[in-house]
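Worksheet: the structure to be examined is printed underneath.
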Amino acid sequence: MTPETPLPGPGPVDPAGAAALLAGARDVLVVGHVRPDADAAGSAIALATALRRAGTGAAVAFGGPDPVPHMVTVLDPDGIVVPAADAPADPDVLVCCDISSAPRIGDLGDRLDRARVSLAIDHHASFTGFATHHLVDPAAPATVLLVRDVLVALGAEVDAVIARALFAGLYTDTGGFRWGGADALRLGAELVEAGAEPRELMRELTGTRPFAWLAAQATVLAGARREPDAAGGAGLVWAAVDPATATRFRDHTPGLVGQLLATAGDGVAALLTETAPGEWSVSLRGTGSPDLSRAATALGGGGHPAAAGFERTGTRDGILDLLRAELAGAAQVCGTSPEVHPRDTRVR
Ligand code: 5GP
Ligand code: MN
Numbered sequence: 011m012t013p014e015t016p017l018p019g020p021g022p023v024d025p026a027g028a029a030a031l032l033a034g035a036r037d038v039l040v041v042g043h044v045r046p047d048a049d050a051a052g053s054a055i056a057l058a059t060a061l062r063r064a065g066t067g068a069a070v071a072f073g074g075p076d077p078v079p080h081m082v083t084v085l086d087p088d089g090i091v092v093p094a095a096d097a098p099a100d101p102d103v104l105v106c107c108d109i110s111s112a113p114r115i116g117d118l119g120d121r122l123d124r125a126r127v128s129l130a131i132d133h134h135a136s137f138t139g140f141a142t143h144h145l146v147d148p149a150a151p152a153t154v155l156l157v158r159d160v161l162v163a164l165g166a167e168v169d170a171v172i173a174r175a176l177f178a179g180l181y182t183d184t185g186g187f188r189w190g191g192a193d194a195l196r197l198g199a200e201l202v203e204a205g206a207e208p209r210e211l212m213r214e215l216t217g218t219r220p221f222a223w224l225a226a227q228a229t230v231l232a233g234a235r236r237e238p239d240a241a242g243g244a245g246l247v248w249a250a251v252d253p254a255t256a257t258r259f260r261d262h263t264p265g266l267v268g269q270l271l272a273t274a275g276d277g278v279a280a281l282l283t284e285t286a287p288g289e290w291s292v293s294l295r296g297t298g299s300p301d302l303s304r305a306a307t308a309l310g311g312g313g314h315p316a317a318a319g320f321e322r323t324g325t326r327d328g329i330l331d332l333l334r335a336e337l338a339g340a341a342q343v344c345g346t347s348p349e350v351h352p353r354d355t356r357v358r
């Protein structure tokens, strides 16, 4: 802990400032973004676990949809994650992990006004500044690296539960250490030494699928389409997931966007998932050029240059038309000013 660190005023904080806010908290609610991925969930679970071990009341919740993905339960052996309905109504401190904008808190958005302090820990360039305090670094390849810095500032011991949660987010957001360089690999090594066994962990997280997934996956991929002229000539490969498949295989469909990307060359991959009739969640992947976070933000979402997403109501073809138009526009910007995204090709 860092009791000598003065409590920072509203605005940007460094890891020591974030630790000071947390060390002085009465109780803490830690949330990740809706439809949590391993970076959101791992960040939240690692931080809340460390706080609880230090004697601070802490819980994790996600603002929908219920139930949480299987991945969350794998990372939560102590049951620190509570259903959104059971999340404390008036937390002293609210921490928002891997959340770039307030709507991504989902059903727990009211906690933002009710908490005395809200602290965003995030790595999106599209971060909107929605919390009272922010620890935000768009150069960080994953939010878990920022959480690790806070844990160091808190003097928290990284046990196996915390190590597994951090490793899951690190591995996922760096595309299996393709991005993030030596820093990510060094943290990975530290976490393995602290008890995150990669083979066992990745098998638990994503390594096993129901047999029926083979046929379901084949159906989705057989419906994929390639549009070579899209995205200013870079090309687009897209596929759509119907609501029944999206519901039955909700833990498995998100990974399909990686398979689309592998066939997209230097172009863009889009996975359009109809989560309920007329409601779409769209995942975009590319090389960073065109800037997908720009296209996704224009469509109501956000993300990173090489990985972004948005949610929208409408028809599949209507959403594809909007996407084609934004990708063409983003490609035009890239064509005239390549310095818009100088080096950022990380996955999320
Ligand atoms: P994914 O495709 O894995 O869901 O998300 C890729 C990246 O885009 C992540 O950084 C994620 O936070 C961001 N993202 C995905 N969907 C949305 C969305 O609806 N709104 C915003 N603001 N960001 C999104
Ligand atoms: Mn992330």
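Just add 10 to wherever you are in the sequence shown, counting from 1, and you've got the numbering used here.
Yeah, the Cβ is synthetic: ideal placement off N, Cα and C, and Gly gets one too.
On a predicted model such as this, the values are computed, not experimentally measured, just so you know.
- For Ile-172, the closest alpha carbon among the candidates Thr-184, Leu-155, Asp-183 is that of Leu-155.
- Looking only at Val-44, Asp-100, Ile-90, the smallest Cα-Cα distance to Ala-35 is reached by Asp-100.
- In this structure, the alpha-carbon of Leu-32 lies about 14 Å from that of Ala-56.
- If you ignore the 5 residues before and after His-80, its C-beta comes within less than 6 Å of the C-beta of Asp-261, all in its own chain and listed in chain order.
- Going by C-alpha positions, Ala-149 is about 19 Å away from Gly-52.
- If you draw a 10 Å sphere on the C-beta of Arg-213, you find fewer than 16 other C-beta atoms in it, and that means exposed.
- Just measuring C-alpha positions, the residue of Leu-333, Ala-316, Gly-185, Ala-125 sitting nearest Gly-324 is Leu-333.
- In the three-state DSSP reduction, Asp-37 falls in the strand class (E or B).
- Taking 4 residues as the shortest admissible run, the stretch 114–138 contains the following complete alpha helix (DSSP H) segments, listed from N- to C-terminal end: 121–124.
- Listed as beta-bridge partners of Thr-283 by DSSP are Val-251, Ser-291.
- For Ser-111 and Ala-54, the gap between their C-alpha atoms comes out near 16 Å.
- With contact defined as three or more Cβ pairs closer than 8 Å, the stretch 203–217 and the stretch 157–173 are in contact.
- When the Cα atoms are used, Ala-306 and His-133 turn out to be separated by approximately 16 Å.
- Note: Arg-235 is bridge-paired with Trp-248 in the DSSP secondary-structure output.
- Check the Cα spacing between Val-105 and each of Pro-253, Val-40, Gly-19: the tightest is with Val-40.
- Short note on His-144: C-beta not closer than 7 Å to any heavy atom of the ligand 5GP.
- Contact annotation, Val-247 with Arg-236: C-beta distance approximately 5 Å; criterion of less than 8 Å satisfied.
- Contact annotation: the stretch 89–99 does not touch the stretch 192–200, with fewer than three C-beta pairs closer than 8 Å.
- Excluding the 5 residues flanking it on each side, Glu-336 has same chain C-beta neighbours closer than 7 Å at Ala-305, Ala-308, Leu-309, in chain order.
- Nearest to Gly-311 by C-alpha distance, out of Trp-290, Ser-299, Ala-272, is Trp-290.
- Collapsing the DSSP output to three states places Phe-72 in a strand.
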